[in-house]
Amino acid sequence: MPLIWVVDQIDKDAIFMQQAMTRIENPCQLLIFPDCLSILEHVSSLHRPPQFIVIDYQLDGMNGYELTQTLRLIPFLKRIPIGWLGDDMVMPTPRELEELGVKWCWPKPANYPGWQNLIEEFCQKAADTM
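Its first residue numbered 1, the sequence shown is counted upward by one per residue in the UniProt record's numbering.
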């Protein structure tokens, strides 16, 4: 089953993602981290890399850009695709996105149906990378 890591500090978002996962036809495994520290601690005990990583661009402390830069310093994560999730993002240039390995940028859904559609897209992208 495809594995996706998600870093999102908003509890409601995590609940919507988990609920959406139970209602889609071809589910994948989501591993949701509430903050940057949690994902960095997990990396140190990694057993299975994800198909891709989704990062909420607007995290407290280390933002999505900084977390992406940090993850890219870890050798086995250098080639793992990353997508950013956020509201009103001030985006880096397309060249900077490419250099960071950010393949996708999604607006954060405003409601449950939006989350369900996004989770379906995540799972399809993850399956396509296997």
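Ideal Cβ placement from N, Cα and C applies to all residues, glycine included.
Spatial neighbours of residue i in its chain, beta-carbon cut-off 7 angstroms, leaving aside the 5 residues before and after
| i | result |
| --- | --- |
| residue 36 | 7, 59, 61, 62 and 67 |
| residue 80 | 49, 50, 52 and 53 |
| residue 17 | 6, 30, 32, 115 and 119 |
| residue 9 | 34, 35, 56, 59 and 60 |
| residue 123 | 2, 24, 26, 27 and 28 |
Beta-carbon gap between residue i and residue j smaller than 8 angstroms
| i | j | result |
| --- | --- | --- |
| residue 52 | residue 86 | no |
| residue 34 | residue 130 | no |
| residue 24 | residue 119 | yes |
| residue 92 | residue 112 | no |
Candidates the options: closest to residue i by CA position
| i | options | result |
| --- | --- | --- |
| residue 75 | 97, 92 and 49 | 49 |
| residue 56 | 105, 101 and 29 | 105 |
| residue 43 | 24, 20 and 5 | 5 |
| residue 107 | 2, 13 and 1 | 13 |
| residue 127 | 114, 29 and 64 | 29 |
| residue 121 | 26, 102 and 38 | 26 |
| residue 73 | 123, 100, 110 and 19 | 100 |
| residue 69 | 22, 102, 46 and 124 | 102 |
Beta-carbon contacts of residue i that lie in its chain and below 6 angstroms, excluding the five residues immediately before and after
| i | result |
| --- | --- |
| residue 41 | none |
| residue 77 | 71 |
| residue 94 | none |
The ligand HEM heavy atom lying under 7 angstroms from the CB of residue i
| i | result |
| --- | --- |
| residue 47 | The model on display carries no ligand, and the ligand HEM is accordingly not part of it. |
Where the alpha helix (DSSP H) through residue i begins and ends
| i | result |
| --- | --- |
| residue 15 | 11 to 21 |
| residue 119 | 112 to 128 |
Boundaries (first-last residue) of the beta strand (DSSP E) holding residue i
| i | result |
| --- | --- |
| residue 24 | Premise fails: residue 24 is in no beta strand (DSSP E) and is neither H nor E. |
For this session: Can you check the segment 29 to 63 for any alpha helix (DSSP H) of at least 4 residues that lies completely inside it and give the ranges in chain order?
Result: The DSSP assignment places 36 to 43 as complete runs of the alpha helix (DSSP H) inside the segment 29 to 63, in order along the chain (cut-off: 4 residues).
Exercise. Where are the beta strand (DSSP E) runs, 3 residues long or more, that stay fully inside the segment 63 to 109, in chain order?
Worked result: Runs of the beta strand (DSSP E) inside the segment 63 to 109: 82 to 86 and 102 to 107.
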